[in-house]
Amino acid sequence: MTSDTEKPVLSARGLKKSYGQVVALDGVNFELYPGEILAVIGDNGAGKSTLIKILAGALRPDEGHLFVGDEEVYFHSPIDARRYGIETVYQDLALASELNIAENLFLGREMRRSGILGSVLRILDKSRMQQNATDFMRDLKIGIQSMDQKVRTLSGGQRQGVAVARSAAFATKVVIMDEPTAALGVKESAMVVDLIHQVRERGLPVVLISHSMPQVFELADRIHIQRLGRRVAVVRPAECSMSDAVAILTGAKSGNEEA
């Protein structure tokens, strides 16, 4: 839960983004507080995907300000966001199916052997990556026996587990999850929901994008509601019914930030 005295870990003011004549974001504000799960919901065309891509460094806003803590930041790529401790689990997972679990966890951040073997010959320290991968998966309670298993052999829920573990292992500030249970069955969705709790228990706040209202109301501390490129409300599940949230989302009911 958040309080009025806490400062946001990640925030934005007046974000605007257009694609030609199409306005995707029209002055959006955003706040993510320490230790919370914040759900971002909105109908198609609401601008939530554009917002998330800006927070993750994949897009640059036309106008507005982005802050990590009290520092204003300017992300030119996802690498910049990662440098500030922000990791994203995309809907397509961005996993390499022919690589094993350990190789996927350290993809782009491979560990090299110490001394001349690593600095000059650039030989990978595979045993250390294997051990660290095992530790990451165990800490998140993901039941996979061997880090040598190729990702293509895993179930959908296990693949999500690998993607979440990769983000949780390297994030120091925020984990963003884009539709983490899309196309998963009931059992695998429950596994991913448990993973989200595990990430929060590690001290990382989570931004959750989801079309599943029951999931949003089960997981979120607060819900950021977008419509037509604007944030129209921020509500707490304990104080707002699911039907009221849907009504705000669709425009059938006014939100608490609408004029």
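One gets the working numbering by counting positions in the sequence shown from 1 and adding 696 to each.
Glycine included, every Cβ here is placed at the ideal spot set by N, Cα and C.
Counted within 10 angstroms of its Cβ, other Cβ atoms place residue i as buried (16 or more) or exposed
i    : result
H920 : buried
E759 : exposed
A867 : buried
R805 : exposed
I750 : buried
R862 : buried
I819 : exposed
Sub-9 Å separation of residue i and residue j beta-carbons
i    : j    : result
L721 : V736 : no
V705 : V870 : yes
Q856 : T877 : yes
A742 : G899 : no
P933 : V903 : no
N796 : K837 : no
M873 : V860 : yes
E875 : Q787 : yes
L915 : V889 : yes
Identity of the residue in the options nearest residue i by Cα
i    : options                   : result
P901 : K712, M909, C936 and T784 : T784
L728 : D835, Y770 and L762       : L762
Q922 : K744, H772, S823 and Y770 : K744
G881 : G852, E897, A829 and A861 : G852
D739 : V931, E953, S810 and I905 : I905
I775 : Q787, S793, A752 and A792 : A752
D821 : M833, L850, F802 and S842 : F802
L755 : G716, Y770 and S863       : Y770
I892 : D835, Q841 and A879       : D835
CA-to-CA distance, residue j to residue i, given in whole angstroms
i     : j    : result
R1000 : A798 : Nothing in the structure corresponds to residue 1000, since the chain is present only between 697 and 955.
I812  : M887 : 43 Å
V928  : C936 : 14 Å
P757  : S773 : 12 Å
M825  : V942 : 45 Å
V718  : R918 : 28 Å
A792  : N800 : 6 Å
P910  : K712 : 30 Å
E702  : P730 : 8 Å
A829  : R778 : 19 Å
L945  : L734 : 16 Å
Y780  : S939 : 37 Å
D831  : S885 : 23 Å
V724  : S707 : 10 Å
G839  : I782 : 25 Å
R848  : G947 : 42 Å
S815  : N952 : 56 Å
F726  : R709 : 7 Å
M843  : M833 : 9 Å
A865  : S823 : 17 Å
K949  : V930 : 13 Å
E897  : Y715 : 38 Å
K883  : D766 : 40 Å
S908  : A790 : 22 Å
A879  : S810 : 42 Å
Q827  : E794 : 20 Å
Endpoints, the alpha helix (DSSP H) within which residue i is located
i    : result
D940 : M938 to T946
Y820 : For clarity, residue 820 is Leu in the given sequence; the question names Tyr instead. Neither: L820 is in no alpha helix (DSSP H) and is coded neither H nor E.
I892 : V882 to E897
K744 : K744 to L751
I775 : P774 to R779
Q787 : First-last for Q787: undefined, no H or E at that position.
R855 : G852 to F866
Residue span of the beta strand (DSSP E) that contains residue i, given as start and end
i    : result
F802 : Premise fails: F802 is in no beta strand (DSSP E) and is neither H nor E.
Q911 : No beta strand (DSSP E) holds Q911; the alpha helix (DSSP H) holding it covers M909 to L915.
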